[in-house]
Each structure stands twice: as C-alpha cells, then as structure tokens.
Amino acid sequence: MKNKYLTIYLIITFGLCWGLASASMIFNDFFTKLFGETSFTNPIVMIALYSPSIAGLFVYWLMGGFEAIKNLFSKFIPRKKDLIWFPIIIGLFLIYVGSIHYGSIAVGFDVPEMTLTFKQMVIEVVKNLFEEAGILGGVLGWIGFLMPYLQKKYNSNIKAGVITGLIFGIYVLPGYVITSFELAAIFPLYVIQLMLFLIFISYMFNATNGNLLFYVLLFWLISSGARLELYYFNAQVQLLQIAFFAVSVVIMHFITKKRNIEQKLQVLPDYVGIGA
504 MKNKYLTIYL IITFGLCWGL ASASMIFNDF FTKLFGETSF TNPIVMIALY
554 SPSIAGLFVY WLMGGFEAIK NLFSKFIPRK KDLIWFPIII GLFLIYVGSI
604 HYGSIAVGFD VPEMTLTFKQ MVIEVVKNLF EEAGILGGVL GWIGFLMPYL
654 QKKYNSNIKA GVITGLIFGI YVLPGYVITS FELAAIFPLY VIQLMLFLIF
704 ISYMFNATNG NLLFYVLLFW LISSGARLEL YYFNAQVQLL QIAFFAVSVV
754 IMHFITKKRN IEQKLQVLPD YVGIGA
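Each number in my numbering comes from the position in the sequence shown (counting from 1) with 503 added on.
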C-alpha cells in the first residue's frame, strides 16, 4: 500500500480543517460577511467538519476511480449474518448512557436537569448525526480509509485503533482550543477516549467485513448523551467514559478470542476490491 495515499489523505483532511479554521480567524470580518456567523450550517464549518470524508472519497477516487467509491459505499450494507449487531449496538448504547448517567450520580458528579421534551430530544439526536465531528463527516475517512490502511501497515487492529484515535484527536484540536479554556484542558482525556473507542470499533469493523453503518450508528448514539441532558461533557465525565471504554475493549477482546468471532483484518486495497 503506497504511503502517498496516506499523505494525500492527511494533507486534505488537515488542510481543509485547520486551513479554514485559521483563515476564518485571521479574516473573521471577511468570512462573516461572505458566509454569515459561525454555525454548523455555515459552509466553511461544514467543509471543515466533513474534510475527513471528503479526503477519503478523493483518495479512493485516485486509487480506483468510481469503482472504488462504489465499493466503499457498499460497505454501508450489512450482511445478513451481521444484522445481530443492531440490537447489540442499541443495548450497548443503553448500558453506556445508563453507566455514565447513574455513575455520575453515584460518585457525586453534577448531572443536568432534564428539561427536553420528547420532540426536542428527537431533534437533538437528528442534529447530532450531522453536527458531531467523526460521524458522517468522518466515516468515509477515519474508518473507511485510515482504519484499513493502518491495519494493513501494522497488521494489528489495536495499533490501527490507537493511531486512528490519535490522528482524529489532533484533527479536532482547533475546535477545543478556539471554543474555551475548559474544553482545551480536557482535550487529552478526549483523545484517550477516542483511542479506546476506536480500538473497540476495530473489533466490530473486522467482525462485520468492514461495515460502516454500524460505526455510524454506534458513534451517533453514544455521542448524543450529553445533548439529551443525561450528563455533562466535562473532565469528570470523561474519566467515567474512559473507564467504560477501557472495560468494553477488554470484554470485546475476550469475546472475540473465546467465541471465535470473525476477526479477519480489513485491509487496503482488498477492503474495496481494487489493486493499488
């Protein structure tokens, strides 16, 4: 697998995100006049958020044209034997939000007062699908390209998960620094959480022949907890989340080994059925 594809992917991903973030700060008045105030509907923000997937699609086009892109999108269609993952993911989500919410209460952390109506909850969850960095904006890049690329390079899902999480974390750094000092302070904890989460994802990814829909569903659900006012997004809660995913990774590793769950590494270029 040629290193040039990784280089191109990283240049586009970070160039679009960090470049646009820097330009919008330096030329704030110009960008505000042209595109409006900073929000998730701002074209500049949308391009920055979706830069990993944009980069992933471009690299696949370089590797194998539209055939490679078509094969990549086919990874959103689960095999019949993988449908069991839908209830597993729903169950994992319920265990996760329950653990973080009631865990916060048990150890004396503040939890928000739940004021949202059911309709407002639905709206928040739907908005999160498009606004959370890494879901639709990242699936075709972080998971669709970088994960199988790194599994090929290191012949290890664990190393691939750790490195993907680290690069993903560096990518979102400007958002933490720009937003507030408090968010910047918990950035290292967020990166650790990402690493553990993506190690967990790597097991599911390999067990489902590299399916991308399951990643989107799981990331979407677990990242909605704070928006649903189930817990705060702060350093204390981050520690609980790190503990949860650390335990989840150990359990997933044990299950895949003891239950002989399929763990054929999904690697490029075989992942999308092309030569490169």
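Even glycine gets a Cβ: it sits at the ideal position worked out from N, Cα and C.
Just so we're clear, the structure is a prediction, and the values are computed from it rather than from any experiment.
How would you label residue i, buried or exposed, when you count the other beta carbons within 10 angstroms and need 16 or more for buried?
| i | result |
| --- | --- |
| Lys-761 | exposed |
| Tyr-605 | exposed |
| Phe-621 | exposed |
| Gly-559 | buried |
| Phe-684 | Because the pLDDT at Phe-684 is just 49, under 50, the model does not fix this residue reliably, and the value given afterwards should be weighed accordingly. Answer is exposed; the Cβ neighbour count stays below 16. |
| Tyr-512 | buried |
| Met-528 | exposed |
| Ser-726 | buried |
| Asp-610 | Here residue 610 is Val; the residue named in the question, Asp, does not match the sequence. The residue is exposed, with fewer than 16 neighbouring Cβ atoms inside 10 Å. |
| Gln-696 | buried |
| Ala-526 | exposed |
| Leu-771 | buried |
| Ile-598 | exposed |
What residue range does the alpha helix (DSSP H) around residue i cover?
| i | result |
| --- | --- |
| Gln-741 | 738 to 761 |
| Met-566 | 554 to 576 |
| Ala-710 | 690 to 710 |
| Gln-623 | 621 to 634 |
| Asn-506 | 506 to 529 |
| Trp-588 | 588 to 609 |
| Val-650 | Before going on, a small fix: residue 650 reads as Met here, not Val. That run of the alpha helix (DSSP H) goes 650 to 657. |
| Leu-716 | 716 to 725 |
Check this for me: beta carbons of residue i and residue j, under 8 Å apart or not?
| i | j | result |
| --- | --- | --- |
| Met-617 | Glu-732 | yes |
| Val-775 | Phe-703 | no |
| Leu-653 | Ala-663 | yes |
| Gly-644 | Thr-516 | yes |
| Gln-744 | Ile-603 | yes |
| Asn-631 | Leu-768 | no |
| Leu-701 | Thr-667 | yes |
| Ala-571 | Ile-777 | yes |
| Pro-581 | Asn-714 | yes |
| Met-755 | Tyr-706 | yes |
| Ser-607 | Val-600 | no |
| Leu-699 | Ala-749 | yes |
| Ala-710 | Glu-765 | yes |
Nearest chain C C-beta to residue i closer than 8 Å, yes or no?
| i | result |
| --- | --- |
| Gly-606 | In the structure shown, chain C cannot be found, because there is only a single protein chain. |
Let me make sure I understand the geometry here. Which of the options has the alpha-carbon closest to that of residue i?
| i | options | result |
| --- | --- | --- |
| Pro-555 | Asp-585, His-756 and Ala-636 | Ala-636 |
| Gly-640 | Ile-745, Pro-772, Met-755 and Ala-551 | Ala-551 |
| Ile-557 | Leu-649, Gly-594 and Lys-767 | Leu-649 |
| Leu-720 | Trp-588, Ile-754, Val-740 and Ile-758 | Trp-588 |
| Phe-576 | Leu-716, Ile-754 and Leu-699 | Leu-716 |
| Tyr-674 | Ile-593, Ile-514 and Pro-615 | Ile-514 |
| Ala-738 | Met-698, Phe-690, Leu-771 and Tyr-706 | Phe-690 |
| Leu-724 | Met-707, Val-642 and Ile-593 | Ile-593 |
| Cys-520 | Ile-547, Phe-538, Phe-534 and Asn-531 | Ile-547 |
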